[in-house]
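A.B. asks:
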Amino acid sequence: MRELQTKFPKGKVVRQRYIVEELLGTGGFGAVYRVRDRRVKTNLFALKELIEPNKYERESFGFECELLRRLDHPALPRVYRGFEDEKNNRLYMLMDYVDGINLEKLRQRQPEKRFALPQVLKMMAPIIAATAYLHAQNPPIIHRDIKPANIIVPTVGDGSVLVDFGIAKVYELESTTAAVRHCSPGYGAPEHSLAATFYTILTGTIPTDSLYRMTWLSSKGVDPLKSAHVVAPDVPPAVADVLTRAMAINSNDRFATVEEFWDALHKAVPESLHAPPQQSAPLALPPALPLADVSETPDEAPQTPRLAEQPPAQVIVRNVLSAEAHAPRRSILIFSLFVLALVALLSGALFGGGLWPATSSSHHAFTQKKVTTTVVAPPTAQFTPSPTPLPTPSPTPLPTPSPTPSPTPTPSSYPVLTQRYDGSISDKDPPTDTTMSLQDIEQHGTNITGYFSVGPGLIGDGNFAGMVTTDNKIQFLVESHGPILPLFFSGQIQANRSISGTYCSYENNGCNYNGGGYGDWKVSAG
């Protein structure tokens with residue numbers, strides 16, 4: 409892990425313009441500062457810094473900056489510019505500043521580490537609206553890491569802000585492979601991660617790991633995930649049922665949209681906990697915004713008139729670079745468990761090109777990717793959560809009942825694999841083409857196991873385990889040996905029974921650009 413080499417002292421001037429006032433947070437890869445614009449002294453900003461970025465980090469940082477500059481929602485960060493310090497090999501992102509704390513830290517301070525239902529509905533309403541707004545873009549934008557630690561609650565005023573878009577994705581309908589990178593254990597696909605966040609802040613407990621759930625379902629036919637009502641009896645049973653459905657292992661059993669989930673949740677809330685009728689309006693989703701060209705030269709100032717004309721978004725602030733984002737390496741076994749859990753959560757939800765880390769240490773110019781979208785009418789309405797009476801929760805004994813049975817799809821709904829597949833694999837860096845085989849495949853409904861072997865030029869043979877989904881997706885992880893990282897494969901099963909997709913070397917819940925490679929693969933039934 410890289411250590412933060414230099415922390416800017418108070419009074420340091422960045423790019424001859426931004427005066428450092430306070431260090432807000434640090435991580436192994438950079439820092440976040442509160443800065444004041446010396447040209448417009450009344451303007452405070454948060455300046456996010458990334459030091460010595462590799463190729464993947466550079467692309468991710470540029471993507472996050474460009475993406476957020478194009479969006480306009482009060483519960484999303486407002487970003488004004490990105491620039492580079494080539495001499496010191498650092499990247500910067502300038503965004504609005506608001507003094508706040510992330511929801512996970514706030515939760516830890518509560519009695520029983522949880523909130524009452526009316527509080528949760530009030531805090532999460534802006535996040536629901538922001539998520540729906542992202543999904544309504546053309547093409548849709550998927551956050552991919554919604555969790556309490558990525559939600560900022562301002563210390564003054566109402567609202568909350570969804571942050572950390574470094575692993576967000578522009579969803580492409582025609583994509584065939586799973587976009588699994590970096591999602592946090594216990595959370596996952598958008599509809600699942602929202603429900604898992606509700607579950608955590610309502611019960612004080614992170615929901616049961618999905619790999620563990622999948623194992624129990626396969627071996628014992630029961631789901632060990634406890635109902636939120638069982639963990640915290642003051643959570644209404646109907647609300648708990650909505651959360652359980654939204655966290656179903658099979659994506660086909662979940663809600664189809666964020667709006668559907670939110671509507672079901674509100675219908676499940678007892679009348680006594682609802683706000684007055686005039687304050688409980690349904691979710692009003694703004695239509696997608698046109699993504700105009702917002703390119704600017706590095707020396708251009710943030711658009712100060714824009715700040716004066718509309719209130720700045722309630723944005724990122726402390727702990728933007730959370731410890732979870734750059735945690736130390738864990739054992740390969742733990743990595744494998746997390747990856748398999750994420751595979752289960754993301755099946756049928758998000759699919760896009762996987763990457764396998766490039767080993768080159770060269771640095772490229774900091775460029776921001778363009779996101780092409782269809783221009784539509786500007787928004788006509790904006791969802792604003794209404795205040796809700798906040799009762800004080802009282803501690804309640806937590807019973808520990810037995811796991812409850814969970815319905816599972818019939819085996820016939822899953823694609824049936826043959827015992828062997830042969831084909832080719834192509835590594836991108838350095839370019840290497842060779843053969844590969846999937847052998848001794850055993851299938852039990854959604855779960856698959858077997859043995860992966862690769863031809864001359866590449867290494868990584870080993871046993872694999874994974875799953876297939878009812879929409880003909882396949883994902884599996886090849887176990888690691890010694891210093892070799894595990895390999896994650898994802899792909900699409902075609903009508904002719906061939907399978908194709910992408911793969912990567914996997915570590916810390918994501919593709920490792922420094923410890924492996926990445927590429928494509930394609931096999932046919934043997």
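The sequence shown: position 233 = 641 (the working numbering), numbered continuously.
Even for Gly, the Cβ is constructed at its ideal location relative to N, Cα and C.
Predicted model, so just to flag it, every value in this text is computed and none were measured.
#1: When you compare only the Cα positions, how much space is there between Leu431 and Phe453?
#2: If you draw a straight line from the C-alpha of Lys836 to the C-alpha of Pro645, how long is it?
#3: Return the Cβ separation of Arg522 and Ala640 in integer angstroms, given the expectation that the two are a contact with Cβ distance under 8 Å.
#4: Please state whether the Cβ-Cβ distance between Gly433 and Val440 is less than 8 Å.
#5: CB-CB under 6 Å to Val650, same chain, minus the five flanking residues each way: which ones, in chain order?
#6: Which word fits Ile609, buried or exposed, when buried means at least 16 other C-beta atoms lie within 10 angstroms of its C-beta?
#7: Buried or exposed: which applies to Gln827, given that a residue is buried once 16 or more other Cβ atoms fall within 10 Å of its Cβ?
#8: To the nearest angstrom, how far is it from the Cα of Phe669 to the Cα of Thr539?
#9: Distance check for Lys463 and Glu457, CA to CA, integer angstroms please.
#10: Taking its Cβ as the centre, do 16 or more other Cβ atoms sit within 10 Å of Ser627, making it buried, or is it exposed?
#11: Among Pro838, Ala648, His852, which residue has its Cα nearest to the Cα of Leu1018?
#12: Which value, in whole angstroms, describes the spacing of the CA atoms of Pro535 and Tyr859?
#13: By a C-beta neighbour count over all protein chains shown, 10 Å radius and 16 as the cutoff for buried, is Ser635 buried or exposed?
#14: Would DSSP call Leu729 helix, strand or coil?
#15: Put Met655 into one of helix, strand or coil per three-state DSSP.
#16: Where does Glu492 fall in DSSP's three states?
#17: If you draw a straight line from the alpha carbon of Val528 to that of Phe606, how long is it in whole angstroms?
#18: Cα separation between Ala603 and Val666?
#19: Flag this pair as yes or no: are the beta carbons of Gly870 and Met844 separated by less than 8 Å?
#20: Ile833 by DSSP, collapsed to three states: which one?
#21: Helix, strand or coil, according to DSSP, for Gly460 in the structure here?
#22: Within 10 angstroms of its Cβ, does Asn496 collect 16 or more other Cβ (buried), or is it exposed?
#23: List the residues that DSSP assigns as beta-bridge partners of Asp445.
#24: For Trp929, which residues does DSSP report across the bridge?
#25: Look up Gln847 in the DSSP assignment and say whether it is helix, strand or coil.
#26: Given a cut-off of 8 Å on the beta-carbon distance, is the pair Tyr505 and Gly490 in contact?
#27: For the beta strand (DSSP E) containing Ser888, name the first residue and the last one.
#28: Hey, would you say Ile901 sits closer than 8 Å to Asn880, going by beta carbons?
#29: Could you spell out the range, first to last residue, of the beta strand (DSSP E) harbouring Arg498?
#30: Can you tell me which of the three DSSP states Asp661 falls into?
#31: Is the beta carbon of Ser898 sitting closer than 8 Å to the one on Ser932?
#32: Give me, in chain order, the residues of the same chain whose beta-carbon lies closer than 6 Å to that of Ile459; leave out the 5 immediate sequence neighbours on both sides.
#33: Express the C-alpha separation of Thr878 and Ala544 in angstroms, rounding to a whole number.
#34: Hey, how far is the Cα of Gly927 from the Cα of Leu846?
#35: What does the alpha-carbon distance come out to for the pair Lys418 and Leu476?
#36: Looking only at C-alpha atoms, which of Leu619, Thr854, Val487, Thr613 sits nearest to Pro519?
C.D. replies: Per the coordinate set shown:
#1: Sequence index remark: in the sequence shown, residue 431 carries index 23 (1-based). Sequence index remark: in the sequence shown, residue 453 carries index 45 (1-based). Rounded to the nearest whole angstrom, the C-alpha separation of Leu431 and Phe453 is 12 Å.
#2: The residue you call residue 836 lines up with position 428 of the sequence shown. The residue you call residue 645 lines up with position 237 of the sequence shown. Looking at the two C-alpha atoms, the distance is approximately 51 Å.
#3: As a first step, residue 522 is located in the sequence shown; it is residue number 114 there, counting from the start. As a first step, residue 640 is located in the sequence shown; it is residue number 232 there, counting from the start. The Cβ separation is near 6 Å, so the contact holds.
#4: Locating residue 433 in the sequence shown gives position 25, counting from the first residue. Locating residue 440 in the sequence shown gives position 32, counting from the first residue. At a Cβ-Cβ threshold of 8 Å, Gly433 and Val440 count as neighbours.
#5: The count along the sequence shown starts at 1 and reaches residue 650 at position 242. For Val650, where only same-chain residues beyond five positions count, the Cβ hits under 6 Å are Ala672, Leu673, Ala676.
#6: Within the sequence shown, residue 609 is the residue found at index 201, counting from 1. By the 16-neighbour rule on beta-carbons within 10 angstroms, Ile609 is buried.
#7: What you label residue 827 is simply residue 419 of the sequence shown in a count that begins at 1. Result: exposed.
#8: Position 261 of the sequence shown holds residue 669. Position 131 of the sequence shown holds residue 539. Answer to the nearest angstrom: the Cα atoms are 12 Å apart.
#9: Translated into the one-based positions of the sequence shown, residue 457 becomes position 49. Translated into the one-based positions of the sequence shown, residue 463 becomes position 55. Spanning the two alpha carbons is a distance of roughly 16 Å.
#10: In the sequence shown, counting from the first residue as 1, residue 627 sits at position 219. Under this definition Ser627 is an exposed residue.
#11: Because the chain spans 409 through 934 in this model, residue 1018 falls outside it and cannot be assessed.
#12: As a first step, residue 535 is located in the sequence shown; it is residue number 127 there, counting from the start. As a first step, residue 859 is located in the sequence shown; it is residue number 451 there, counting from the start. Inspection of the sequence shows that residue 535 is occupied by Ile rather than by Pro. Approximately 42 Å between the Cα atoms of the pair.
#13: Within the sequence shown, numbered from 1, the residue matching residue 635 stands at position 227. Buried.
#14: The residue you call residue 729 lines up with position 321 of the sequence shown. Confidence is the limiting factor: at Leu729 the pLDDT is only 33, short of 50, which leaves the residue's position unreliable and the question unanswerable from this model.
#15: As a first step, residue 655 is located in the sequence shown; it is residue number 247 there, counting from the start. Met655 falls in the coil class under three-state DSSP.
#16: Position 84 of the sequence shown, counted from the start, is the residue given in the question as residue 492. In the structure shown, Glu492 adopts extended strand secondary structure according to DSSP, grouped into three states.
#17: Indexing the sequence shown from 1 puts residue 528 at position 120. Indexing the sequence shown from 1 puts residue 606 at position 198. Rounded to whole angstroms, the separation of the alpha carbons of Phe606 and Val528 is 7 Å.
#18: Your numbering for residue 603 matches position 195 in the sequence shown. Your numbering for residue 666 matches position 258 in the sequence shown. Approximately 10 Å between the Cα atoms of the pair.
#19: By 1-based counting over the sequence shown, the position of residue 870 is 462. By 1-based counting over the sequence shown, the position of residue 844 is 436. Result no, Cβ atoms of Gly870 and Met844 do not sit closer than 8 Å.
#20: Within the sequence shown, numbered from 1, the residue matching residue 833 stands at position 425. Here Ile833 carries a strand assignment [DSSP, helix/strand/coil].
#21: One-based indexing of the sequence shown puts residue 460 at position 52. Per the sequence shown, the amino acid found at residue 460 is Glu instead of Gly. Coil, per DSSP.
#22: Along the sequence shown, one-based indexing puts residue 496 at 88. The C-beta of Asn496 has fewer than 16 other C-beta atoms within 10 Å across all chains shown, which makes the residue exposed.
#23: Along the sequence shown, read from residue 1 onward, the residue named residue 445 stands at position 37. Its beta-bridge partners are Tyr426.
#24: The residue given as residue 929 occupies position 521 in the sequence shown. Bridge partners of Trp929: Ile833, Gly909.
#25: Numbered from 1 along the sequence shown, position 439 holds the residue referred to as residue 847. In the three-state reduction of the DSSP assignment, Gln847 falls in the strand class, which pools E and B.
#26: The count along the sequence shown starts at 1 and reaches residue 505 at position 97. The count along the sequence shown starts at 1 and reaches residue 490 at position 82. One thing to note: Tyr505 has its Cβ no nearer than 8 Å to the Cβ of Gly490.
#27: Working through the sequence shown from its first residue, we reach residue 888 at position 480. Element bounds for Ser888: n/a, residue is neither H nor E.
#28: Working through the sequence shown from its first residue, we reach residue 901 at position 493. Working through the sequence shown from its first residue, we reach residue 880 at position 472. Going by C-beta atoms, Ile901 is nearer than 8 Å to Asn880.
#29: Start at 1 with the first residue of the sequence shown, and residue 498 comes out as number 90. For Arg498, the uninterrupted beta strand (DSSP E) run begins and ends at 498 to 504, by DSSP.
#30: For the purposes of this step, residue 661 is identified with residue 253 of the sequence shown, where counting begins at 1. Of the three classes helix, strand and coil, the one that applies to Asp661 here is helix, per DSSP.
#31: Here residue 898 refers to the residue found at position 490 when the sequence shown is read from its first residue. Here residue 932 refers to the residue found at position 524 when the sequence shown is read from its first residue. No, they are not a contact pair.
#32: Position 51 of the sequence shown, counted from the start, is the residue given in the question as residue 459. Cβ neighbours of Ile459 beyond the five flanking positions: Gly438, Arg498.
#33: Position 136 of the sequence shown, counting from 1, holds the residue named residue 544. Position 470 of the sequence shown, counting from 1, holds the residue named residue 878. Ala544 and Thr878 have their C-alpha atoms spaced approximately 25 Å apart.
#34: Taking the sequence shown and counting its residues from 1, one reaches residue 927 at position 519. Taking the sequence shown and counting its residues from 1, one reaches residue 846 at position 438. Looking at the two C-alpha atoms, the distance is approximately 17 Å.
#35: Reading the sequence shown from its first residue, position 10 is the one you call residue 418. Reading the sequence shown from its first residue, position 68 is the one you call residue 476. Here the alpha carbon of Lys418 sits roughly 27 Å from the alpha carbon of Leu476.
#36: On the sequence shown, position 111 is the one that residue 519 refers to. That would be Thr613, whose Cα lies nearest to the Cα of Pro519.
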